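Worksheet for the structure shown next.
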Amino acid sequence: MGHGHQIEIVQEQFTIPSKAKTFAIIVGVLGLILSGIGMATIDKTPVAGAHESHAQTEMKGHEEHATAAGSHEMHANSGETHVEGNFGHRASYEKQNKPWTTRIWTSLLIASYYLFIVSLAALFFIVVQYIANAGWSAAIKRVPEAIATFIPVAFIILLAVIVVAKNDIYHWVHYEHLHAAKGSAEYDTILAGKSWFLNSTMFFAFPIVLVTLWVLIGRKLRKLSIQEDSAEKGETKFHKKSIRWSAGFAVLYGFLFSVVVWYFVMSIDAHWYSTIFGVYNFAIGWVSALTIICLFVIFLKSQGFLKIVSDEHVHDLGKFMFAFSIFWAYIWVSQYLLIWYAHIPEEMAYYQIRYEEYKPYFIANITLNFFTPFLVLMMRNAKRNKMVLTIAGSLMITGKFIDIWLMVIPGVYGPGMNIGFLEAGAFLTLVGVFIYWVLVALTKRGLVPVNHPFIEESAHHDVGV
Amino acid sequence: MIDKNLSLRNRRKLLLGLFDDEDKMVAATSALVHEGVKIQDVYTPYPVHGLDRIIGARRSWLSIVAFLCGLTGFSLAYLMIWYMYVYDWPMDIGNKPERLTPSWVPILFESTVLLTAFGMAFFFFWRSRLVHGIKPELLDPRQTDDLMIICVESGHDVNESQVLDIMKQNGAAELRTRDGGVSTVI
Numbered sequence: 001m002g003h004g005h006q007i008e009i010v011q012e013q014f015t016i017p018s019k020a021k022t023f024a025i026i027v028g029v030l031g032l033i034l035s036g037i038g039m040a041t042i043d044k045t046p047v048a049g050a051h052e053s054h055a056q057t058e059m060k061g062h063e064e065h066a067t068a069a070g071s072h073e074m075h076a077n078s079g080e081t082h083v084e085g086n087f088g089h090r091a092s093y094e095k096q097n098k099p100w101t102t103r104i105w106t107s108l109l110i111a112s113y114y115l116f117i118v119s120l121a122a123l124f125f126i127v128v129q130y131i132a133n134a135g136w137s138a139a140i141k142r143v144p145e146a147i148a149t150f151i152p153v154a155f156i157i158l159l160a161v162i163v164v165a166k167n168d169i170y171h172w173v174h175y176e177h178l179h180a181a182k183g184s185a186e187y188d189t190i191l192a193g194k195s196w197f198l199n200s201t202m203f204f205a206f207p208i209v210l211v212t213l214w215v216l217i218g219r220k221l222r223k224l225s226i227q228e229d230s231a232e233k234g235e236t237k238f239h240k241k242s243i244r245w246s247a248g249f250a251v252l253y254g255f256l257f258s259v260v261v262w263y264f265v266m267s268i269d270a271h272w273y274s275t276i277f278g279v280y281n282f283a284i285g286w287v288s289a290l291t292i293i294c295l296f297v298i299f300l301k302s303q304g305f306l307k308i309v310s311d312e313h314v315h316d317l318g319k320f321m322f323a324f325s326i327f328w329a330y331i332w333v334s335q336y337l338l339i340w341y342a343h344i345p346e347e348m349a350y351y352q353i354r355y356e357e358y359k360p361y362f363i364a365n366i367t368l369n370f371f372t373p374f375l376v377l378m379m380r381n382a383k384r385n386k387m388v389l390t391i392a393g394s395l396m397i398t399g400k401f402i403d404i405w406l407m408v409i410p411g412v413y414g415p416g417m418n419i420g421f422l423e424a425g426a427f428l429t430l431v432g433v434f435i436y437w438v439l440v441a442l443t444k445r446g447l448v449p450v451n452h453p454f455i456e457e458s459a460h461h462d463v464g465v
Numbered sequence: 001m002i003d004k005n006l007s008l009r010n011r012r013k014l015l016l017g018l019f020d021d022e023d024k025m026v027a028a029t030s031a032l033v034h035e036g037v038k039i040q041d042v043y044t045p046y047p048v049h050g051l052d053r054i055i056g057a058r059r060s061w062l063s064i065v066a067f068l069c070g071l072t073g074f075s076l077a078y079l080m081i082w083y084m085y086v087y088d089w090p091m092d093i094g095n096k097p098e099r100l101t102p103s104w105v106p107i108l109f110e111s112t113v114l115l116t117a118f119g120m121a122f123f124f125f126w127r128s129r130l131v132h133g134i135k136p137e138l139l140d141p142r143q144t145d146d147l148m149i150i151c152v153e154s155g156h157d158v159n160e161s162q163v164l165d166i167m168k169q170n171g172a173a174e175l176r177t178r179d180g181g182v183s184t185v186i
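Those sequence lines, one after another, are chains A and B.
For the first sequence, position 11 (counting from the first letter as 1) is numbered 11 according to this note's numbering, and the numbering increases by one without interruption.
For the second sequence, position 51 (counting from the first letter as 1) is numbered 51 according to this note's numbering, and the numbering increases by one without interruption.
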């Protein structure tokens, strides 16, 4: 294969098949309907009130131990561990009642944050291919490019959610602890110490500046790619420029992605921190981006587009999905294991609530994100089977949704929440918008980067028997 | 035992086409396959993409070997931890439970990966007769440098002149026969 015969590189113009359009709209409308049902059926009393009994016992426990808080008393039984003290989730549990609308905002936060890190990782995919001088991926390059155009949309939704609901989602936003006198009961040493970083100015300024830079580099790369299309055959000027811009993006993304993650997600549990949290979120975004790229490539192939893309490319994307599911699990264990082993109360608080109160989700998270892809995608034939890839990919995306839900919800509401119509609805709505947006972005230009220096290599890509 | 099928020593007469160009070699291979000639093997100094499909090479068993080695590594590590930590001398470390816990994961993982890697490397070298101390059997020393060699085993169903003709027409740099370990230029 590939030898002795030429593969003709022809430009293709994508038009959205009506079925795909309908699918995106159905997903979006289904999301809206579920959100509507959610809003109609949700208990309109303030959220913390809905779990009064639980919240109260929780608070009582803390009050009883208020005097002992200084000594960080800890009861460790063989099976169960109770952590008490002036750290961890207490501040978020006992916060004043949140209006029921907070559920809408957290749902939107989860969905938009997910799509934000996914589209960012899609841009990173292009960047990595440039830096590594990778040839095989040239033929599918337009797909991650189209996904990357969603970064600003997801980011704006994310920002809007935070502007509206930051008081209810991020408990550190309340400034009491800063204004309280040092030594008084309300003074929170941890939050005061972090206030140079966790304050409203930085909260908005830093991500906005950084994401603007990322988006600008993404646009620059896209522009260079268009220019390359209409350039002479064999012109490598644009490719070399792209490599330089990619290197810049990789530095900015590699070092500072963590910071954005700290602001948007980790600061929900402001007393807690994990140094691997950024990597963990990168793993979520990266494996999801690879999955979504794979699903779009499969879709485009099924519609007769991307003629030079063969099973070999799909196979490689499948390998990526498989490999980075294991990477995700590796990072997940790296975070969990150290906290579990060290058993330091202020670190334990994060996992205690997620393990004790959200066990089904905790288990579903590992099952869908690690065991499913690990067992399903291990065989070579599975990675070359588009149906298997589609099913495994959909399960992985669901798993990632649960993963982010599990990072956000316990920190905001404490124990006793479940994935409801609102969460599923907001997720599906934004996914519908995302699919439609990417389909439109794919029509905006030719599907094949015809003058990419490696397009021939990509067309002849072969992973062997 | 080292795989005898790969040994050249016991072969019958071999027809060799030496090529200095990848495309010519691939074209010749395709032509031979098209004519229904059974190709013994093609020796190249570097991997040539697509060649394995043309000569109809079977899929390597290496990945299955890797899986089995991984399973062995996992099981051995599990047995080891269970014997040491649960059965023989139970230990209380930080009041952690004895049963399968996250602290087992790194050991299980590393052992799985270690045995997979070693097992794959070992079986690969074994299967391709690259064991230390074995004198390599080369059809021609140049196959490790810049020449690609198509090797066809002679037999009563092989039309020798046709095979050599096809190789020549497709631009073979040199044609040779090898009989009883002696290689001669045609």
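We treat Cβ as the ideally placed atom computed from N, Cα and C, and that holds for glycine.
All figures in this text were calculated on a predicted structure; none of them were measured in a lab.
8 Å Cβ shell around residue i - same chain, five flanking residues per side excluded
i, result
"B:Gly171", "Phe19, Asp21, Lys24, Ala27, Ala28"
"A:Lys237", "Ala231"
"A:Gln13", "Thr443, Gly446, Leu447"
"A:Gly135", "Phe454, Glu457, Ser458, His461"
"B:Gly50", "Val26"
Cα-Cα separation, residue i to residue j
i, j, result
"B:Asn95", "B:Met120", "39 Å"
"B:Thr144", "A:Asp316", "29 Å"
"A:Ala180", "A:Ala270", "18 Å"
"A:Gly193", "A:Thr102", "28 Å"
"A:Ala205", "A:Val251", "20 Å"
"B:Phe74", "B:Gln169", "54 Å"
"A:Thr201", "A:Ser242", "33 Å"
"A:Val173", "B:Ile93", "40 Å"
"A:Ile26", "A:Thr15", "19 Å"
"A:Gly411", "A:Phe264", "12 Å"
"A:Gly420", "A:Ser107", "9 Å"
"A:Asp188", "B:Ala77", "46 Å"
"A:Ile190", "A:Tyr170", "15 Å"
"A:Asn97", "A:Ile42", "15 Å"
"A:Val297", "A:Gln303", "10 Å"
"A:Asn86", "A:Ala349", "Residue placement at A:Asn86 is poorly supported in this model, since its pLDDT is 42, which falls under 50; the coordinates are not used for a value here."
"A:Tyr130", "A:Ser246", "7 Å"
"A:Gly218", "A:Phe203", "23 Å"
"A:Tyr253", "A:Leu290", "17 Å"
For residue i, three-class secondary structure by DSSP
i, result
"B:Ser183", "strand"
"B:Val105", "helix"
"A:Met417", "coil"
"B:Ile150", "strand"
"B:Thr177", "strand"
"A:Gly466", "Nothing about residue 466 of chain A can be reported from this structure: the residues present for chain A run from 1 to 465 only."
"A:Leu377", "coil"
"A:Ile339", "helix"
"A:Gly285", "helix"
"A:Val29", "helix"
Neighbourhood of residue i by C-beta distance below 7 Å, restricted to the same chain and skipping five residues each side
i, result
"B:Ser154", "Arg12, Lys13, Leu14, Leu15, Glu160"
"A:Gln11", "Gly446, Val448, Val450"
"A:Ile117", "Asn281, Ile284, Gly285"
"A:Asn365", "Gly399, Ile402, Asp403, Leu406"
"B:Pro136", "none"
"A:Ala165", "Thr102, Trp105"
"A:Ala24", "Gly432, Ile435, Tyr436, Leu439"
Interface partners of residue i on chain B, CB under 7 Å
i, result
"A:Tyr336", "Pro102"
For residue i, the first and last residue of its enclosing beta strand (DSSP E)
i, result
"B:Asp41", "41-43"
"B:Leu16", "14-19"
Interface residues of chain A facing residue i [CB-CB closer than 8 Å]
i, result
"B:Val105", "Val333, Leu337"
"B:Gly94", "Tyr341, His343"
Within chain A, partners of residue i - CB distance below 7 Å
i, result
"B:Ser52", "According to the sequence provided, residue 52 of chain B is Asp. The question's Ser does not apply to it. Near B:Asp52 (Cβ distances below 7 Å), the residues of chain A are Gly464, Val465."
Other residues of its chain near residue i: CB distance less than 6 Å, five sequence neighbours each side excluded
i, result
"A:Ala111", "Ala426, Phe427, Leu430"
"A:Ala392", "Pro373, Val376, Leu377"
"A:Ser137", "Gln129"
Chain C within 8 Å of residue i, Cβ atoms only
i, result
"B:Arg127", "The chain labelled as chain C is not found among the protein chains of the depicted structure, namely A and B."
Amino acids of chain A, ordered along the chain, whose beta-carbon sits closer than 9 Å to that of residue i
i, result
"B:Arg178", "Result: empty, since nearest Cβ-Cβ is about 26 Å, beyond 9 Å."
Proximal residues of chain B, C-beta to C-beta of residue i below 9 Å
i, result
"A:Arg380", "Arg59, Ser63"
Host alpha helix (DSSP H) of residue i (start-end)
i, result
"A:Glu12", "Unbroken run through A:Glu12: none, as it is neither H nor E."
"A:Asp43", "Taken as a continuous stretch (DSSP letters only), A:Asp43 belongs to no alpha helix (DSSP H), as it is neither H nor E."
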